[in-house]
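Here the structure comes first, spelled out in structure tokens, and everything after it is commentary.
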Ligand SMILES: Nc1ncnc2c1ncn2[C@@H]1O[C@H](COP(=O)(O)OP(=O)(O)O)[C@@H](O)[C@H]1O
Ligand SMILES: [Mg+2]
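In my numbering, the protein residues as written are 2 to 263.
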């Protein structure tokens with residue numbers, strides 16, 4: 002039996018998603034000087050160039066299935082954008098089913114998006130500060146049963162409009178596309194969508210279906226962010242990091258030892 006085809010390989014990506022691959026994230030420590038930080042800087046820079054063609058103020062980060070790196074991508078993309086520009090950036094946890102942005106930023110989950118969408122509180126009271134003065138965070142808020150209807154509502158559209166008016170860049174983290182319709186509805190109010198793909202794991206037809214669903218709703222698919230390239234592109238470190246770090250430190254780095262030799 003042949004192995005299922007997965008997307009994100011070094012060559013021959015058959016599926017076209019927006020501009021194709023717009024970012025590749027190695028698995029590594031997520032500190033300031035890590036390969037991941039470098040990749041997010043590049044990803045942000047690419048988005049800035051796409052921005053010239055069409056204003057990208059509100060970006061949805063989603064994926065076909067769960068656990069592909071949406072929250073990681075949202076958090077670090079927003080952080081990178083804030084760190085490398087003077088833009089006012091906000092990252093919003095719209096994954097009301099498995100919220101995790103509050104964990105990443107180490108803040109309380111409440112009060113947040115669900116409270117705002119339930120018209121319980123004004124926007125000002127859900128905006129949390131981060132270590133970067135130009136990066137704000139909106140956590141998920143209290144857990145609610147089935148949030149899909151909230152994202153379809155005019156209240157959500159109004160909330161996004163208010164965020165647009167107050168920030169230069171809004172990065173939205175969400176639930177995955179295939180199991181629930183939340184991301185589909187969110188995408189209709191966004192300027193662009195990034196699809197995170199766990200390379201080597203997600204079958205190509207699964208990614209394709211997610212892309213199709215979003216396109217049917219009129220989403221502007223910006224491209225795919227390929228996660229977990231350590232498994233798929235082992236030479237990545239050799240080229241961008243491994244050799245460099247080895248020389249710099251006079252020995253094999255921690256990341257270097259993790260490189261698979263092929
Ligand atoms: N590029 C990466 N480097 C290191 N850890 C990662 C990376 N991408 C994802 N992870 C880890 O994998 C897990 C799932 O990622 P997450 O961003 O929460 O996925 P999702 O939001 O799509 O469910 C988390 O524990 C996260 O820290
Ligand atoms: Mg998540």
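We put the beta carbon where it would ideally sit given N, CA and C, even for glycine.
- Restricting attention to 209, 193, 225 and 200, the CA atom closest to the CA of residue 57 is found in 193.
- The beta carbon of residue 89 sits closer than 6 Å to those of 135, 168 and 169, all from its chain and outside the five residues before and after it, given in chain order.
- DSSP, reduced to helix, strand and coil, places residue 121 outside both helices and strands of the structure shown, so it counts as coil.
- Classified as buried, residue 82 has 16 or more neighbouring CB atoms from the shown chains inside 10 Å of its CB.
- Sixteen is the threshold: when 16 or more other Cβ atoms of the shown chains lie within 10 Å of the Cβ of residue 175, as they do, the residue is buried.
- Distances taken from the Cβ of residue 174 to the heavy atoms of ligand 1 include one shorter than 8 Å.
- For residue 174, the enclosing beta strand (DSSP E) starts and ends at 170–175.
- Judged by DSSP in its simplified three-state form, residue 181 adopts coil rather than helix or strand.
- Of the residues assessed, residue 146 falls on the exposed side of the cut-off, its CB having fewer than 16 other CB atoms within 10 angstroms.
- Sixteen is the threshold: since fewer than 16 other Cβ atoms of the shown chains lie within 10 Å of the Cβ of residue 53, the residue is exposed.
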